[in-house]
Every structure is written in structure tokens, then in C-alpha cells.
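Just so you know, the sequences run in chain order A and B. With our numbering, the residue at position 148 of the first sequence is 148, and numbering never jumps. Each number in our numbering comes from the position in the second sequence (counting from 1) with 1000 added on. Written below as C-alpha cells is the structure these notes are about.
Protein chains: 2
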Amino acid sequence: MTTDSFALEQFLPYRLNRAAEFVGLRFAAHYKAKYGMTRPEWRTLAALGSSGRMTSKAVGSHSSMHKTKVSRAVFALEQRRWLKRSQDDADRRVEHLELTAAGQQAYRELIELARRYQTELEAEFGESGIEALSNGLAAIEQVIRRSGKGKPSEPDDL
Amino acid sequence: MTTDSFALEQFLPYRLNRAAEFVGLRFAAHYKAKYGMTRPEWRTLAALGSSGRMTSKAVGSHSSMHKTKVSRAVFALEQRRWLKRSQDDADRRVEHLELTAAGQQAYRELIELARRYQTELEAEFGESGIEALSNGLAAIEQVIRRSGKGKPSEPDDL
DNA sequence: AAATAATGGTTACGTTTGCAACCATATCGT
DNA sequence: ACGATATGGTTGCAAACGTAACCATTATTT
């Protein structure tokens, strides 16, 4: 009989999603409260902060966000004067993005927040929990890497 | 110096979110293609299918969805004639939800799909990957359980 | 050197989301 | 018994999202 018991609680997509929401929303609350920033903005900031100068496209594939998300996040950060664009003079379609001084300052504060949060999580989940989780995630990430790039599966890239 | 390197790729909320999206979207694609169903609908169906009769509220906390999501999912499933409501006669605010025959049929097909997908995942991530992941998730789930209910952190419950 | 396709990035549009306000009923305090 | 408060559930609205269409520019084909 195939009808029988199916437990949502043991279904991996469900469990992952729930865990991700729990962990993610709590962190989002931190920086949302403090800087009124959205997740795409925070990710963009993080990408630029750590890698320095890069293009929108690069930000997208680095932090696996859809190009429209990136576009809007970049716009928002620009408004806030946390980043500035500059034209590539070889290829005029390309824009290079870079954090302003204020942006770098925000970045520093944000990653400090992130570090504290990660430490907090480590305490909550326990060393063994974290390690297991990390290994499990590594397995998925490997598959993601194989299974064509990041994740937004660019509607283009078919 | 606190400024230094922060790698988004090692930040847990980011990793979890990415993994969840990867695993979740792929599954969603399956049932979206086949039944034109959304995730809240699928979750509601799953909850009702496995537990039989329950209220919207119960569906919400069982599958950790916000009440509005549940409300809309229930409405959609009702339209499709996959579930029917019935008034509780002790408390007239309460509605009990139950799958129709068609709903149960759909449920059976869906969980079959889910099972196949889970198997597929197990193959992809490898036994050790799955086990690690499962342990890690368990650690988080434990914290979730403690840290007050499911996740939507009911705006009400403050 | 055109015509065609591809690429970086933005924009318009319909859908989905979360929040707050709301309705109806039920419970509690007094 | 009566007003305040709480609860299950729905709805209006504004923000966030993904898709597809689009603009400008660069590559490729012929």
C-alpha cells in the first residue's frame, strides 16, 4: 500500500525551508531593525565588501541572486550612497560597483553583526550540531555546483 | 582588526537559505508543473492528508505557515474541490477542514511524488550527506521548538 | 558591412507575501 | 449580566518577487 503515512516533518525540502526561515529571519530582523535593509541589499553589500569592486552580474552569481533582485538592491544601496557605479570604458554595457566610505563602514558593522550571530548560532546548536549541519550543507552545495551554477537558474541560461 | 574577511559562503543563514531554495524549488517545479499548485497549498494538503480532519489554525502550526497563507491556501483547495469545510457546532468561529475524495487522491499522488523526490535527494547527497544534514537540522528543530512555537512568530503572540 | 545573436542591466506587469485592520464569536473580569 | 479582551479566520493594502519584455551595446555570422 502506497497510501500510507507521509510525515511532512521528515521531508527534507520542508525541514530545510523551515530551518532556513528560522535562522534567516532572525538575522534579518537584526539588520532590518538597525539599518532598514533588505536581504538582497545585505547580500549585495556583503559581496562588494568582501570582494571589492565587481559588476552586478558578478554580485548575482557570487551571492546567487536573480539579476532583477541585484538590480534593485544596487539601486537602493546607491540611493543610500553606500555604493557608486562607474562605467567600464572597454565595454559600455558593464558597470563596476564599489562601496563608498559610508558603505564600507556599514559593511564593517554588518559583518560584525553577522559574526556575532554566527557565534550565537554555534552556541545554540552545539558544536556537533553545527558540524553536522555544515557537512550536510556541503554535500548539497557540491550538487548545486555540479547541477549548473548558483541557483536562480537564469531563465536565460536554457 | 575586525574589518577583515567575511565570507558569505560560510555564513550559515546564507548557506541554509541557498540549500533550501535549491532543494525546494526543484520539488516545487514538479508539482507546480503537474498540478499547478503552490507551496502553501501543497503543505496544507499534506497536513490534512496525513492528519485527517483539522482546523486552519492547526494546519498553520503543524506546517508552520502564517495564518493568511493558510487561509488563502484553504480557499484555493476548496475551489478545486479538494477539501471541504464544516462548522464546529460547539464554537462557531472554528471550521474543520477535511479532504474530499478527489483531495485524498491528489494527496496520495503527491506524497508518492514526494517520496520519489526524497529518494532522489538521498542518492544525490549520499548517505553520509543526508545523515549529517538530518542531524544538523534536528539540532535546529530542537531550538525552534524551545524558542516558542513554529516560526511565523505570530504578530499576535507578543 | 550588414544582419543576427548574445550580453549586462533595467523596467513593466501580474502574483505572492506579510502586516495590520477587521468581523464574528467566545471568554474573562467584575 | 456587561464591557473588555481574546481567538479563529478573512481581507485590504503596500512591499517584494519572478517572468518576460525590453534597451543599449558588443560579438558573431555571412
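Even for Gly, the Cβ is constructed at its ideal location relative to N, Cα and C.
- Across the structure, B/E1095 and B/S1071 are spaced so that their CA atoms are roughly 11 Å apart.
- Residues of chain A with a Cβ closer than 7 Å to the Cβ of B/F1011 are, in chain order, A114, Q118.
- Within the stretch 1063-1094 of chain B, those residues whose Cβ lies closer than 7 Å to any Cβ of chain A are, in chain order, S1063, S1064.
- In the DSSP annotation of this structure, the continuous segment of the alpha helix (DSSP H) that includes B/E1122 starts and ends at 1101-1146.
- By the rule that beta-carbons nearer than 7 Å mark a contact, B/V1059 does not touch chain A.
- Chain B has a Cβ within less than 7 Å of the Cβ of A/A46.
- DSSP places A/Q87 in no alpha helix (DSSP H) but in the uninterrupted beta strand (DSSP E) bounded by 83-87.
- Per DSSP, reduced to three states, the secondary structure at A/H66 is coil, with no helix or strand assignment.
- Note: A/L97 is bridge-paired with A/M54, A/R85 in the DSSP secondary-structure output.
- Residues of chain B whose Cβ lies closer than 7 Å to the Cβ of A/E98 do not exist; the shortest such Cβ separation is about 16 Å.
- Straight-line measurement puts the Cα of A/P13 at about 12 Å from the Cα of B/S1063.
- Assignment of B/F1075 by DSSP, reduced to helix, strand and coil, places it in the helix class.
- Neighbourhood of A/E124 in chain B, by CB distance below 7 Å: V1143, in chain order.
- With a cut-off of 8 Å on Cβ pairs, the stretch 101-110 of chain A is in contact with the stretch 68-88 of chain A, counting three or more such pairs.
- Spanning the alpha carbons of B/S1005 and B/V1023 requires a straight line of approximately 29 Å.
- Comparing alpha-carbon positions, the option among A/V143, A/G136, A/G129 lying closest to B/V1143 turns out to be A/G129.
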